[in-house]
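Just so we're aligned, residue 404 is where the sequence shown starts under the working numbering, counting upward by one. Note that the Cβ used here is the ideal one computed from N, Cα and C, for glycine as well. Heads up: the structure comes next, in structure tokens.
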Amino acid sequence: MSAPTAAERGDTVHVAVRRLIRAVCLVAVVGIVLGLAVLRQHIEPPDPAAPADEAPVAAPALDEVPAEVAVLAAEDARLRAVSLGPAVGTTRVGATVVLGPRPAAYGVDALVAAGALRRTGPGVVELVRPVVARRGARVALHLPATTLRMHSGARAHASLVTWGGDLALSGAPGRPLRLVGWDPRRKAADRETSDGRAYLLVKDGRLRLADVETDHLGYWSGRTGGLAVTGSPETSATADLVGVRVRASHIGLYLSGVERSVVRRTEVTAVERDGVEVTNRSHRVRLTGVSVDRSGGAAIKVGNGASRVVVERARLTRSGGYGLLVDGSPLADGPNSAGYSTTNYAGVVLRRSLVADNDGGGVLVLRLDGLQVDRSTLLADGTALAVRGPADGLVVDRSVVRSQGATGIVVEEVSGARVERSTVRARTTGVSLTDSTGEVRGNDIAVGTGTGVRVAGEDARAVVDGNAMTGRGPGAVADADGAEVQQGDTTGAWSYRPRAVLWLEEHGSALPGLLVLVVPAFGTVFVRRRRRGQRELRRLLEQALVARGREALAGYAPPRTQAPVGAAGSTFEAEPEAGPDVGPHVGPDVGPHVGPDVGGAGVPAADPAAPLGGRRFTGPQDFAVAAVLEAGYPVGDVARALRVPTARVRAWVEEARASADA
């Protein structure tokens, strides 16, 4: 006779449904843990040591082009028209006053006579028309303690441009000349750039400023950014600025294609874009005593072929980008009609300067040969100094580099790098050299948890010697990916920590999530053991029920006289009190019980199935008592197998114990 079906046993939930429920619960738990981990990654800011590549930005639709673009196009057309006209004396081209070449410089009186300047009060003059000085013309305005209001409104804006000529503006120490973009209708500084704004531009000439302040000048481009000097390969342009203050302009100072230019004691504050931009193959530029604070972009930006730029005694703070951003990438990667070089540009020096609290980071240098950081202090929330090649030559000497981010100094694909006699502070790595060659000598390096110096890359080779390193981690010096490190003496208080311990410390907040997975995993083992015991007990019960059923069927059969009385034909006898046992029931062998013991049960047998296998039971109570007291099954498991209340099974067991004690 076959075993009882699931319906006969009372299993109303199909096995497939039970498995589906378990799978759904497991997926839900894993999903919650992974979701928490992903959420934690989004909440915690990433390490800015290696900024991700910027996604390409789609070109704006025609109706989304800023208004400044149209204004700039009209301005360029006006200047081209003026440059093509005759350059004789003082003339007008439309609303523009054009100054031709002459031996004497054009001063205030000459511009007033030409209708470009207007005196409106003590210490106030107004530039009411655009002025263009042609090649050979010089404009020199010496106006101490004077405000020059450059008209800048919705309909038009004035500008002071030299096209091949020279421009000199000066005040006096303590009595500066102040230039301001002025809206005559509002009678206030022009804060709106969408309709253009007043600006100064020297093209292919020389700009000299001394004791001058500028306020609310410029819009959209570099050449109309407020204060700009631009040159070309055929001509030269130079700038000489001292004691200049720039505030609330579009760009603080724009130098494009200039040579032998000097900027001294210049302050740039709260400009929309970069504080100082040196670009377009500018050469031999020295920025001394320059202070840039709260610029919208980089404090100082050097790129597009600029070389031999010296920044000394500078204060570059609180900018929206990097304190110093340098891009020395070649302008061409092969033969080209413009004759651009295919090698890196070289020669940027940062000396005795402070770079601090800039949103983008401290200093970022890309593909520049011959970078020097000398006696400077670099402080940043992210990476304080990052140099990425391919490049040749880097010297960091007697400087202080402090990073709140993971790494203090990052060097990638640079040959001949040297970090010497400097103080480096970072969270996980003091100096990181990847695919680079160089030396790290005589530095004071301290990290929280991690590595003082890390050298990685198949072609990386470094000498690390004479450094004082403080921190904790697997080692003060680490190499990876086949790097070769020649390590000398290292002093300092370095505390060894295995990587496993560091991982646990770093991912401490993830441990509760892991416990969410570990606890159910251990619980599953106990549940499986308990269910195995329940299945075993149910099988024994089924076996007893089947045997009793067979005995009942045998009672209805006609007696056969040839069969000896008491022959072994069934497991249960007709009368419970009759005769000896007829022999063990031959049934399937079941494994040993592995379920947990429960208080109130008997002592489990070595093989829990042995006391029940082949037994005759008068009813459920007899089976339950034997299962608990003799086989050691928990009361709850027996109750579930018999489909009766647990209290009833417990009562049966107590009754049997009482009878045994009596």
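TODO: Could you tell me which residues DSSP pairs with residue 848 in its beta bridges?
DONE: Your numbering for residue 848 matches position 445 in the sequence shown. Partner(s): 827, 872.
Task: residue 501 to residue 478 span [Cα, whole Å] - done: The sequence position of residue 501 within the sequence shown is 98, counting from 1. The sequence position of residue 478 within the sequence shown is 75, counting from 1. Their Cα atoms are separated by approximately 15 Å.
TODO: Tell me whether residue 793 sits in a helix, a strand or coil according to DSSP, three-state version.
DONE: One-based indexing of the sequence shown puts residue 793 at position 390. Here residue 793 sits in strand by DSSP.
Task: Touching by the beta-carbon criterion (3+ pairs, under 8 Å), the region 693-709 and the region 722-730 - done: yes
Open item on the list: Between the alpha carbons of residue 572 and residue 895, how many angstroms are there, rounded?
Closed with: The residue labelled residue 572 in the question sits at position 169 within the sequence shown. The residue labelled residue 895 in the question sits at position 492 within the sequence shown. In a straight line, the C-alpha of residue 572 is about 56 Å away from that of residue 895.
- [ ] May I ask you to report which of helix, strand or coil DSSP gives residue 725?
- [x] The residue given as residue 725 occupies position 322 in the sequence shown. Taken through DSSP and simplified to helix, strand or coil, residue 725 comes out as strand.
Open item on the list: Tell me the residue span of the alpha helix (DSSP H) that contains residue 897.
Closed with: Stepping through the sequence shown from its first residue, residue 897 is reached at position 494. Looking at the DSSP string, residue 897 is not in any alpha helix (DSSP H); the run it does join, the beta strand (DSSP E), is 897-899.
Task: Own chain partners of residue 564 with C-beta closer than 6 Å, once the 5 adjacent residues on each side are dropped - done: As a working mapping, residue 564 is identified with position 161 in the sequence shown. Only 535, 604 meet the Cβ criterion.
TODO: Tell me whether residue 557 is buried or exposed, calling it buried when 16 or more other Cβ atoms sit within 10 Å of its Cβ.
DONE: What you label residue 557 is simply residue 154 of the sequence shown in a count that begins at 1. The residue in question, residue 557, is exposed, as its Cβ has fewer than 16 Cβ neighbours within 10 Å.
TODO: Report the partner residues of residue 670 according to the DSSP bridge assignment.
DONE: Along the sequence shown, read from residue 1 onward, the residue named residue 670 stands at position 267. 648, 694.
Open item on the list: My parser needs the alpha helix (DSSP H) runs of 4 or more residues fully inside the region 576-631; what are they?
Closed with: For the region 576-631, not a single whole alpha helix (DSSP H) run of length 4 or above is found.
- [ ] Check the C-beta distance from residue 714 over to residue 753 and give it rounded, since I have them as a contact under 8 Å.
- [x] Your numbering for residue 714 matches position 311 in the sequence shown. Your numbering for residue 753 matches position 350 in the sequence shown. That belief holds up - the Cβ atoms of residue 714 and residue 753 are roughly 5 Å apart, short of 8 Å.
Task: Burial state of residue 703, where buried means 16 or more other Cβ atoms lie within 10 Å - done: Locating residue 703 in the sequence shown gives position 300, counting from the first residue. The residue is buried, with at least 16 neighbouring Cβ atoms inside 10 Å.
Task: Residue nearest to residue 664 in terms of C-alpha spacing, selected from 691, 655, 678 - done: Counting from 1 along the sequence shown, the entry for residue 664 is found at position 261. Nearest of 691, 655, 678 to residue 664, Cα basis: 691.
Open item on the list: My output table needs one value for residue 836: the three-state DSSP class, helix, strand or coil.
Closed with: The sequence position of residue 836 within the sequence shown is 433, counting from 1. Residue state, collapsed to three classes: strand.
- [ ] Please report how far the alpha carbon of residue 1033 lies from the alpha carbon of residue 900, in whole angstroms.
- [x] Looking up residue 1033 in the sequence shown gives position 630. Looking up residue 900 in the sequence shown gives position 497. Straight-line measurement puts the Cα of residue 900 at about 55 Å from the Cα of residue 1033.
Open item on the list: Taking 8 Å as the cut-off, does the region 832-841 touch the region 799-813 (at least 3 CB pairs, one atom from each stretch)?
Closed with: By the criterion of at least three beta-carbon pairs nearer than 8 Å, the region 799-813 is in contact with the region 832-841.
Task: For residue 772 and residue 796, believed in contact at Cβ under 8 Å, the rounded distance - done: Residue numbering aside, residue 796 sits at position 393 when the sequence shown is read from its first letter. Residue numbering aside, residue 772 sits at position 369 when the sequence shown is read from its first letter. The pair is a contact, with the Cβ atoms about 5 Å apart (cut-off 8 Å).
Open item on the list: Buried or exposed, going by whether 16 or more other CB atoms sit within 10 Å of the CB of residue 606?
Closed with: Reading the sequence shown from its first residue, position 203 is the one you call residue 606. Residue 606 should be labelled buried.
Task: residue 1055 burial status per 10 Å Cβ neighbour count (16 or more: buried) - done: The residue given as residue 1055 occupies position 652 in the sequence shown. That one is buried.
- [ ] Using alpha carbons as the reference points, say which of 830, 841, 860, 871 lies closest to residue 852.
- [x] The count along the sequence shown starts at 1 and reaches residue 852 at position 449. Cα-wise, what sits closest to residue 852 is 830.
TODO: Name the one or two DSSP bridge partners that residue 748 has.
DONE: Locating residue 748 in the sequence shown gives position 345, where the first residue counts as 1. Note: residue 748 sits in no beta bridge, so no partner.
Open item on the list: Tell me the rounded alpha-carbon separation between residue 750 and residue 505.
Closed with: As a position in the sequence shown, residue 750 is number 347, starting the count at 1. As a position in the sequence shown, residue 505 is number 102, starting the count at 1. Whole-angstrom Cα-Cα distance: 39 Å.
TODO: Within 10 angstroms of the Cβ of residue 435, are there 16 or more other Cβ atoms? Answer buried if so, exposed if not.
DONE: Numbered from its first residue, the sequence shown carries residue 435 at position 32. Classification of residue 435: exposed, given that the 10 Å Cβ count is below 16.
Open item on the list: Suppose the cutoff is 6 Å on Cβ atoms and the five residues either side in sequence are ignored; what does the same chain contact list for residue 1051 look like?
Closed with: Counting from one through the sequence shown, the residue named residue 1051 turns up at place 648. Excluding sequence neighbours, residue 1051 sits near nothing in its chain.
Task: Identified DSSP bridge partners for residue 1066 - done: The structure shown does not extend to residue 1066, since the chain spans only 404 to 1065, so no value can be given for it.
Open item on the list: Restricting to Cα atoms, I'd like to know which of 678, 592, 631 is closest to residue 722.
Closed with: For the purposes of this step, residue 722 is taken as the residue at position 319 of the sequence shown. Distance check between residue 722 and each of 678, 592, 631 places 678 closest, using alpha-carbon atoms only.
Task: Alpha-carbon spacing of residue 532 relative to residue 618, whole angstroms - done: Position 129 of the sequence shown holds residue 532. Position 215 of the sequence shown holds residue 618. Approximately 18 Å, taken between the alpha carbons.
- [ ] Grab me the residues of residue 510's own chain with a C-beta within less than 7 Å of its C-beta, minus the 5 sequence neighbours each way, in chain order.
- [x] Along the sequence shown, read from residue 1 onward, the residue named residue 510 stands at position 107. Result list for residue 510: 543, 544, in chain order.
Task: Own chain residues within Cβ distance below 6 Å of residue 847, not counting five before or after - done: If you number the sequence shown from 1, residue 847 lands on position 444. Cβ neighbours of residue 847 beyond the five flanking positions: 826, 871.
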